[in-house]
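For reference, the structure is listed below as structure tokens.
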Ligand code: AMP
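Numbering (UniProt numbering), first residue to last: 1 to 452.
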């Protein structure tokens with residue numbers, strides 16, 4: 001690829017598209033665009049390993065628009081599948097941006113809203129369908145989508161689609177669209193599941209990888225803090241947010257419950273406009289929160305992974321992983337929200353004792369060790385409540401057992417032994433008094449959780 005073009009003009013794109021690219025302010029193609037656009041235009045199947053933030057959306061949307069050219073007939077000729085409605089909407093934005101000087105018609109199909117408007121749009125005739133697999137199949141089964149004219153199909157964030165259990169729907173879709181077609185598959189990671197899918201889906205694909213598998217964008221500065229418990233995580237978060245350079249922050253939590261707790265706490269502290277998005281929030285609330293965050297009106301967005309998937313927000317100054325993600329690939333997706341397209345970003349991860357195991361696995365995936373930063377001395381290290389500590393011990397036992405099935409869990413042995421109530425009470429009292437001290441000792445001995 002030594003002669004790869006370094007301007008958009010060198011691609012075989014028409015004037016309408018080049019003009020729209022210029023309007024969008026893009027002056028230079030990103031590496032994935034340099035590689036993918038000529039291959040897709042030449043009709044190849046493409047396997048693109050690229051995370052969000054690399055410019056992958058334009059890398060396939062531009063050639064698709066070029067191929068679809070202008071409004072034609074009633075039925076879709078291009079199908080783009082994505083795991084979540086947020087990502088569908090992000091892709092739609094790219095189609096709107098780049099298709100603005102064409103008359104191409106498109107429709108977004110996703111759940112969470114009634115299908116009426118979507119069906120009406122289909123009935124008016126469309127060239128491009130952007131859909132989540134579930135809603136696409138629902139409408140197909142209702143007889144609302146004619147699939148025989150689909151000539152190009154894209155699977156975006158294929159790894160996430162598989163994680164979310166969309167394989168059966170993807171298989172059904174492959175059965176109902178013409179065999180002779182061009183396929184493009186994009187994924188942030190290339191694990192065995194994606195590899196299997198790519199074998200089923202792609203024919204002699206050209207494989208392009210903009211960074212080695214699942215490595216994290218170079219512009220993202222990553223750090224981790226070992227934090228003994230939730231209360232201290234909150235204290236540390238508050239401390240970080242006092243810093244004004246945390247100007248546009250996404251805080252990721254592993255569950256709705258944690259997201260709500262963090263949100264409620266921060267909202268009371270009046271640290272600037274704040275919103276929370278998770279699967280229980282209605283579609284419109286989520287869209288509004290995202291828009292307010294994008295426009296810069298909102299400083300802090302608390303989110304779960306599912307809700308934040310596909311969220312296209314540039315210039316995020318910081319991503320804070322309040323919890324370590326349990327689907328490890330989500331780490332890459334989360335931190336991809338910062339440092340997008342040339343802007344420097346920072347990703348901060350809080351790790352409690354039970355999360356250390358998971359973070360180790362993440363480091364294996366990203367093939368790097370994330371530097372550790374000590375908790376600043378101004379941050380109060382709260383003692384770990386007994387139940388929380390028990391929870392961590394239980395989890396750590398489970399992790400050890402997973403690694404070594406012969407491991408006899410210290411926690412469960414203790415648990416099963418029957419002890420008189422008085423003894424337990426005494427222990428609890430003892431715990432209370434010396435808890436902070438013991439905590440510190442334990443943490444000190446690990447050399448991780450201490451203040452500077
Ligand atoms: P994506 O990886 O597709 O999610 O894109 C990440 C961000 O980069 C989006 O906000 C795009 O608008 C932006 N972007 C994509 N390609 C370029 C480019 N060639 N020049 C500048 N910004 C870009």
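Beta carbons: idealized from backbone N, C-alpha and C, even for Gly. Computed from a predicted model, the values in this text were never measured in an experiment.
- For residue 321, the uninterrupted beta strand (DSSP E) segment begins and ends at 318-321.
- Fewer than three Cβ pairs drawn from the stretch 156-163 and the stretch 315-326 lie within less than 8 Å of each other, which leaves the two stretches out of contact.
- Here residue 192 is exposed, its C-beta having fewer than 16 other C-beta atoms within 10 Å.
- Nearest to residue 391 by C-alpha distance, out of 129, 179 and 229, is 229.
- In this structure, DSSP gives residue 221 an extended state, which the three-state scheme calls strand.
- Residue 182 is bridged by DSSP to 152.
- Taking every protein chain shown into account, the CB of residue 269 has fewer than 16 other CB atoms within 10 angstroms, so this residue is exposed.
- Here residue 232 is buried, its C-beta having at least 16 other C-beta atoms within 10 Å.
- Taking a 10 Å sphere around the C-beta of residue 35, we find 16 or more other C-beta atoms and assign the residue as buried.
- Around the Cβ of residue 110, a 10 Å sphere holds 16 or more other Cβ atoms; the residue is buried.
- 8 Å or more divides the Cβ of residue 126 from the Cβ of residue 140.
- Residue 58 has its CB nearer than 7 Å to a heavy atom of ligand 1.
- Runs of the beta strand (DSSP E) lying entirely within the stretch 204-290, each at least 3 residues long, are 206-209, 220-226, 249-253 and 274-277 in chain order.
- Bridge partners of residue 345 according to DSSP: 220.
- Rounded to the nearest whole angstrom, the C-alpha separation of residue 368 and residue 222 is 10 Å.
- Cβ neighbours of residue 302 within its own chain (closer than 6 Å, five residues either side excluded): 251, 259, 262, 263 and 276.
- The residue from 14, 300 and 220 with its alpha-carbon nearest to that of residue 333 is 220.
- Put simply, the backbone Cα of residue 8 is about 45 Å away from that of residue 374.
- In this structure, ligand 1 has a non-hydrogen atom nearer than 7 Å to the beta-carbon of residue 26.
- A distance criterion of 7 Å places the beta-carbon of residue 29 in contact range of ligand 1, judged by its closest non-hydrogen atom.
- Note that the stretch 7-21 touches the stretch 85-100; at least 3 beta-carbon pairs, one per stretch, sit closer than 8 Å.
- Residue 300 places its beta carbon less than 8 Å from that of residue 274.
- According to the DSSP assignment, residue 126 belongs to no beta strand (DSSP E), since it is labelled neither H nor E.
- Your pair residue 348 and residue 321 checks out as a contact, with CB atoms roughly 7 Å apart and the cut at 8 Å.
- Taken from the Cβ of residue 54, at least one heavy atom of ligand 1 lies inside 7 Å.
- In terms of Cα proximity to residue 253, the closest of 32, 184, 61 and 335 is 335.
- A Cβ-Cβ distance of about 18 Å is found for the pair residue 40 and residue 76, leaving them out of contact under the 8 Å criterion.
- Short of 7 Å from the beta carbon of residue 176, and not among the five residues preceding or following it, lie these beta carbons of its own chain, in chain order: 140 and 147.
- Secondary structure note for residue 298: it is in no alpha helix (DSSP H), with a DSSP letter that is neither H nor E.
- Not one heavy atom of ligand 1 is found less than 7 Å from the C-beta of residue 199.
- Scanning its chain for C-beta atoms nearer than 7 Å, with the 5 sequence neighbours on each side dropped, one finds around residue 395 the residues 354, in chain order.
- When C-alpha distances from residue 68 are compared across 119, 163 and 152, the shortest belongs to 152.
- Per DSSP, residue 106 lies in no alpha helix (DSSP H) segment; the continuous beta strand (DSSP E) that holds it begins and ends at 106-109.
- DSSP, reduced to helix, strand and coil, places residue 351 within a strand of the structure shown.
- Scanning the stretch 60-112 for uninterrupted beta strand (DSSP E) segments of 3 residues or longer gives 78-81 and 106-109, listed from N- to C-terminal end.
- Taken through DSSP and simplified to helix, strand or coil, residue 308 comes out as helix.
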